[in-house]
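This report concerns only the one structure given below.
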Amino acid sequence: MNKGSKRFIVILCVLIVFCIASISFSAKEGSLLGRVYNVIGTPFQYIQKGFTAVGTSVRKAFSVMTEYSEIKDRIEELQKENDRLQNMENEINKLEDENATLRELLELKGYFENYEMVAANVIAQDVSDWFNEFTIDKGTNDGISNGDVVITADGLVGVVYNCSASAAKVRSIVDEQYILYGRISRSNELVRLRGTSNENYSALLKLDRIADSTDLYIGDEIVTAESGGVYPKGLVLGVVVDIVIDTDSGERYAYVAPAVNFTTVSQLFVLVDNTQEAD
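Following our numbering, the numbering of the sequence shown begins with 220 at its first residue and continues without gaps.
Here's what the structure looks like:
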């Protein structure tokens, strides 16, 4: 070992001994080194505390930013999950509606024994004529012909009047040209109805030719009557929503809200008479 190294080790040992001695003396109350430490060390304590506080605040800030980022990511995940569940719920509701329609269709098939029910979809709607006409995606290729009755599970829609090979037009019962006979379901009394779509721009039926002896109330259900062999009896037409008495003539008439919602109808059934094919 050279002299320089020996000298460095000696100096290092002296410094270590000095530090140990200083700590020992400073620990004694009233010692000179203790008083010097109190004078010099106290300001440094406040500085150290300041740096410690700043460091703690920085750590907390980074912690909050990290937590915010994690919460934001979690919120986005939950939003995606909520959207997925909402889509599933919509799909389930759609399937439930389709199942309900199919169940009603099976019940209708039992009721219309002499008819084949051809399912069809509305592919066009003449909104300019206020629900007067619909175009469906079935035609003569599917056995449909002019004069066939069109229904939904809710009730009567109208009649096919312009049929092509793969499509057909349906005139709805609210068209002002439409006149048919019905019966008050409660009493079986005969009444006449006609469309009013172009008259008051609403999808209503006007019920007139009411006999003086006929009892009619708001809420009465009106169904089809056997008239001319066009409609099967008992098809629901709608419900009486207003009864009016003409002050000049004393005539009594009423308005009927159709059972079918013409603003939302999308699936229909065409009744094809099997007895005519047999003939």
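All residues carry an ideal CB built from backbone N, CA and C; glycine is no exception.
Task: Spatial distance of R428 from A444 (CA atoms) - done: 15 Å
- [ ] Report the option in D373, V379, L375 whose CA atom is closest to the CA atom of K357.
- [x] Here the closest residue by C-alpha is V379.
Open item on the list: Once the 5 residues before and after S485 are set aside, which same chain residues still bring their CB inside 8 Å of it?
Closed with: Cβ neighbours of S485 beyond the five flanking positions: N340, V341.
- [ ] Give the secondary structure of T205 by DSSP, where H, G and I count as helix, E and B as strand, and everything else as coil.
- [x] Outside the shown range of the chain, which is 220 to 498, sits residue 205, and nothing can be said about it.
Open item on the list: Can you give me the C-alpha to C-alpha distance between L456 and R303, rounded to a whole angstrom?
Closed with: 40 Å
Open item on the list: Under 7 Å: does the beta carbon of V484 sit that close to some heavy atom of the ligand PLP?
Closed with: With respect to small molecules bound, the structure shown includes none, and the ligand PLP cannot be examined in it.
Open item on the list: Quick check on R405: buried or exposed, where buried means 16 or more other Cβ atoms within 10 Å of its Cβ?
Closed with: exposed
Open item on the list: Counting C-beta neighbours from all protein chains within 10 Å, is the total for Y334 16 or more, i.e. buried, or is it exposed?
Closed with: Buried, because 16 or more other Cβ atoms sit within 10 Å of the Cβ of Y334.
TODO: Assign I294 to one of three DSSP states: helix, strand, or coil.
DONE: Residue state, collapsed to three classes: helix.
TODO: Determine, using beta-carbon pairs with one atom in the segment 434-441 and one in the segment 378-392, whether at least three such pairs fall under 8 Å.
DONE: no
Open item on the list: If I follow the unbroken beta strand (DSSP E) through V484, where does it start and stop?
Closed with: Premise fails: V484 is in no beta strand (DSSP E) and is neither H nor E.
TODO: Would you give the residue range spanned by the beta strand (DSSP E) that A339 belongs to?
DONE: 334-344
TODO: Work out the CA separation of N351 and A343 for me, nearest whole Å.
DONE: 12 Å
Task: Closest Cα partner of L399 within the set V376, A384, E300 - done: V376
Task: Minimum C-alpha distance to L423 - residue among L409, E310, Y472, G453 - done: Y472
- [ ] In the DSSP assignment, find the beta strand (DSSP E) that holds N381 and state where it starts and stops.
- [x] 375-382
Open item on the list: Please report the distance separating the alpha-carbon of T415 from that of L426.
Closed with: 10 Å
Task: D292 burial status per 10 Å Cβ neighbour count (16 or more: buried) - done: So D292 counts as exposed.
Task: Cα-Cα separation, V460 to V369 - done: 24 Å
TODO: Please report the Cβ distance between A338 and F488, rounded to the nearest whole angstrom; I am assuming they are in contact, meaning their Cβ atoms lie under 8 Å.
DONE: 6 Å
- [ ] Note down the Cα distance separating M307 from K313, rounded to an integer number of angstroms.
- [x] 10 Å
Task: One or two residues paired with R402 in a DSSP bridge - done: In DSSP, R402 forms a bridge with L409, V442.
Open item on the list: Am I right that F353 and L490 are in contact with their C-beta atoms under 8 Å? What's the rounded C-beta distance?
Closed with: Actually they do not touch by this definition, with Cβ atoms about 15 Å apart.
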